[in-house]
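If you read the protein sequences in the order shown, they are chains A and B. Using our numbering, read the first sequence as starting at 4 and increasing by one per residue. Using our numbering, read the second sequence as starting at -5 and increasing by one per residue. We treat Cβ as the ideally placed atom computed from N, Cα and C, and that holds for glycine. Just below is one structure, and these are the notes that go with it.
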Amino acid sequence: MNKSSRKAILAAMPFLVVTIALEALVRAGWIKAFLVPPPSGIFITIVRDWRELFEALAMTSEGAVLGFVLSTLAGIAIAVFLSSSRAIQEAFYPYAVFFQTVPIIAIAPLLVIWFGYGMRTVVASAFIVSIFPVIANTLSGILSTDPALCDLFRLYGASRSVTLWKLRFPAALPQILTGLRVAGGLAVIGAIVGEFIGGQGLGSVIDIARTQQRTDKVFAAVLLASVLGLALFGAINVVSRVVLRRWHVSEQA
Amino acid sequence: MASRIIETVSLARRSFLKIIPVAGMLAACGTAKKIRLALNWKPDPEFGGFYAADYAKHGLDVELLPGGAGTPTVQMIGAGSAEFGIVSADEILLARDQGNDVVALFAAFQNNPQGIMVHASRKLESIGDVLKSGTLAIQSGLPYARLLRKQFGFDHVKVVPSPGGDLTAFLNDENFAQQCFVTAEPLLARRRGVDVKVFPVSDIGYNPYTTVLATSGDLLRRNPDMARNMVTAVREGWRSYLDNPAPTNQRMHALNPTMDAASFAEIAEAQKPLVEANVLGAMTKERWNTLAAQLRDLGDIKQAAPAEQYFRSL
């Protein structure tokens, strides 16, 4: 057995155990089906409503990925800006925290008025929810560059921008990628919350199914949302492997 | 397994409590578990009668649990995390169709307070007109939304999710229509200087009982007296709230200060015609049958059960 198939089996084990246990508990009547639907029921719903669910998944994916890409670009840019001087950092960093604490549901009606119903509200919601970890991790990565290496660059007369792009930024990559892993999952949540108010995708499916007391469909949509989260996570891991493989311990071994 | 063990324990405790008063140890009654009544929104005039009720007079120690958007009261009743809950008639039909044994006891709102609110300046004449242009904010999952779609089609109106009670989008856009409680949002919109027109959903023949006190079939079998006392207390509560809402409004306002005192008074007045009846809270088989047939035709429930399964007159 090679290493990657062993890893896949290990990762699938908890899922299988929980699924089988849940199915057994519901069938035995210890958990009521209208509270937690049996996994088989969720699976049947996915198969039966696949068209509706996958169209919704496609829309949610678009919103989440766009929001994620925006927060990656803006988050890194903001962190680089913040790292440029201690004064700038002290002046603006507290405001970045705003993004982490904004209760998205509370400003939802405003998002709709600013961006209209539909995709733009969804992207905005995914962006707001996911940008903070990118800023925080990038900034902390840039600021924790090995001082000895900074001295070396100074000794050779490297300019500030050369130091940033050749030293600080590459050195921060592992932390930036950690920030992106967190942001990926948050972007999915942000997109779905945006869809509750913006009206499309999995958020809309969940909202409607909940009103209709269709817990099986709610869980089906949640399952697809987590597949989307996993896909984003996997994509970031691939990027991480490619950029870090040659020099960072976290991707070696 | 765990739930069965708890079940046995609480049954044992219940029979134990029956013996104690006989033994003259009345003090021990203080340890009795409170009866939980789960609300699906924050304390507001919609629940006035439930807050006005004197439960203690009927030997009940009731705790009202305020809810929020999407509080699943019907599932809470089924799961036993609340003995009683406030639901709407359509929720009962959906729940029973899913195997959740929930039964209606008392319909506070005899007529559906749900409606669609539009700017009066649009000069619309009927619900059908609302669906001819502009935007409609509505909970698409609700049966009446699909009934509207079936009757009029959604081809000419942009349907968006309901913003709850929030009026920002409505006030901002003249061609924005939104689902509302006929007793609440229109009042707030008028106060903000917008002249509104309201079309009750019952106009299209959809008139489920709402703000319905419900319990589980299990509790009805095990403790019919508790259910009966509860209904009596609630009926008296609503009578007193209809006659004199002020003291209860004051108490609810203290619990929910976000809603101002004037709104409490105005809404309590506006909802009176929807609540008032010969026998408060009473329900008829015909109404339940009509609703069940409507939901069956919409495909929301697999089959319409006999009306007696949906409600109980106590």
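Using the C-alpha atoms, what's the distance from phenylalanine 199 (chain A) back to arginine 184 (chain B)?
-> Position 190 of the second sequence, counting from 1, holds the residue named residue 184 (chain B). Position 196 of the first sequence, counting from 1, holds the residue named residue 199 (chain A). Rounded to whole angstroms, the separation of the alpha carbons of phenylalanine 199 (chain A) and arginine 184 (chain B) is 27 Å.
Could one say the Cβ of proline 134 (chain B) lies closer than 9 Å to chain A's Cβ atoms, at least one of them?
-> The sequence position of residue 134 (chain B) within the second sequence is 140, counting from 1. The sequence shown places serine at residue 134 (chain B), not proline. For serine 134 (chain B), the answer is yes, since a Cβ of chain A falls inside 9 Å of its Cβ.
Nonlocal neighbours in the same chain, by C-beta distance under 7 Å from alanine 63 (chain B), ignoring five residues either side = As a first step, residue 63 (chain B) is located in the second sequence; it is residue number 69 there, counting from the start. Gly158.
Distance, Cα to Cα, glutamate 93 (chain A) vs asparagine 240 (chain A)?
-> Taking the first residue of the first sequence as position 1, residue 93 (chain A) is located at position 90. Taking the first residue of the first sequence as position 1, residue 240 (chain A) is located at position 237. Approximately 32 Å between the Cα atoms of the pair.
Contacts of glutamine 92 (chain B) in chain A (Cβ-Cβ under 7 Å) | In the second sequence, residue 92 (chain B) corresponds to position 98, counting from 1. Against chain A, a Cβ distance below 7 Å from glutamine 92 (chain B) picks out Phe37 and Gln216.
Residue closest to proline 60 (chain B), alpha-carbon to alpha-carbon, out of B:Thr284, B:Ala286 and B:Met246 = Looking up residue 60 (chain B) in the second sequence gives position 66. Ranking the options by Cα distance to proline 60 (chain B), first place goes to B:Met246.
How is isoleucine 80 (chain B) classed by DSSP in three states: helix, strand or coil?
-> Position 86 of the second sequence, counted from the first residue, corresponds to residue 80 (chain B). Isoleucine 80 (chain B): strand per DSSP, three-state reduction.
Output, in chain order, the set of chain B residues within a Cβ distance shorter than 7 Å of valine 115 (chain A).
-> By 1-based counting over the first sequence, the position of residue 115 (chain A) is 112. Simply Ala163.
Same chain, Cβ closer than 7 Å to valine 153 (chain B), neighbours up to 5 away in sequence not counted = Numbered from 1 along the second sequence, position 159 holds the residue referred to as residue 153 (chain B). If we look at valine 153 (chain B) and ignore the five residues flanking it on each side, its Cβ neighbours are Leu130, Ile132 and Ser134.
Whole-angstrom distance between valine 68 (chain A) and isoleucine 79 (chain A), CA atom to CA atom = Counted from its first residue, the first sequence places residue 79 (chain A) at position 76. Counted from its first residue, the first sequence places residue 68 (chain A) at position 65. Our two residues, isoleucine 79 (chain A) and valine 68 (chain A), have alpha carbons roughly 16 Å apart in a direct line.
Hey, is valine 96 (chain B) close to the ligand FAD, as in C-beta under 8 Å from one of its heavy atoms?
-> Among the components modelled here there is no ligand, and therefore nothing to report on the ligand FAD.
Using alpha carbons as the reference points, say which of B:Gly109, B:Val81, B:Asn105 and B:Ala102 lies closest to valine 96 (chain B).
-> Position 102 of the second sequence, counting from 1, holds the residue named residue 96 (chain B). Of B:Gly109, B:Val81, B:Asn105 and B:Ala102, the residue nearest in Cα terms is B:Val81.
Can you find a CB in chain B that lies within less than 9 Å of the CB of aspartate 52 (chain A)?
-> Against the first sequence, residue 52 (chain A) aligns to sequence position 49. Judged by the 9 Å Cβ criterion, aspartate 52 (chain A) is not in contact with chain B.
Starting from leucine 99 (chain B) and walking both ways along the beta strand (DSSP E), at which residues does that stretch end?
-> Taking the second sequence and counting its residues from 1, one reaches residue 99 (chain B) at position 105. Leucine 99 (chain B) -> beta strand (DSSP E) spans 96 to 103.
Start and end of the alpha helix (DSSP H) containing histidine 113 (chain B)?
-> Along the second sequence, one-based indexing puts residue 113 (chain B) at 119. In the DSSP annotation of this structure, histidine 113 (chain B) is not part of any alpha helix (DSSP H); the continuous beta strand (DSSP E) holding it starts and ends at 108 to 113.
Which value, in whole angstroms, describes the spacing of the CA atoms of alanine 89 (chain B) and serine 143 (chain A)?
-> Stepping through the second sequence from its first residue, residue 89 (chain B) is reached at position 95. Stepping through the first sequence from its first residue, residue 143 (chain A) is reached at position 140. Across the structure, alanine 89 (chain B) and serine 143 (chain A) are spaced so that their CA atoms are roughly 51 Å apart.
Contacts around alanine 212 (chain A), its chain only, beta-carbon distance under 6 Å, and the 5 residues preceding and following it disregarded | Translated into the one-based positions of the first sequence, residue 212 (chain A) becomes position 209. Counting only Cβ-Cβ distances below 6 Å, and skipping sequence neighbours, we find Lys220 and Val221.
If you follow the beta strand (DSSP E) that alanine 139 (chain B) is part of, which residue opens it and which one closes it?
-> Numbered from 1 along the second sequence, position 145 holds the residue referred to as residue 139 (chain B). Boundaries for alanine 139 (chain B): no beta strand (DSSP E) harbours it, while the alpha helix (DSSP H) harbouring it runs 137 to 146, taken from the DSSP string.
Beta carbon proximity, serine 43 (chain A) to chain B, threshold 9 Å = As a first step, residue 43 (chain A) must be located in the first sequence, where it is residue number 40. With 9 Å as the cut-off, serine 43 (chain A) does not count as an interface residue toward chain B.
Going by C-alpha distance, which of B:Ala298, B:Gly74, B:Lys27 and B:Leu58 is nearest leucine 214 (chain B)?
-> On the second sequence, position 220 is the one that residue 214 (chain B) refers to. Selected option, being the one with the closest Cα: B:Gly74.
Determine the direct distance from the alpha carbon of phenylalanine 78 (chain B) to that of alanine 32 (chain B), and round the result to whole angstroms.
-> Counting from one through the second sequence, the residue named residue 32 (chain B) turns up at place 38. Counting from one through the second sequence, the residue named residue 78 (chain B) turns up at place 84. Cα-Cα distance, rounded: 6 Å.
Just the chain B side, please: which residues come within less than 9 Å of glycine 197 (chain A) by C-beta, in chain order?
-> Reading the first sequence from its first residue, position 194 is the one you call residue 197 (chain A). For glycine 197 (chain A), no chain B residue has a Cβ inside 9 Å of its Cβ, as the nearest lies near 11 Å away.
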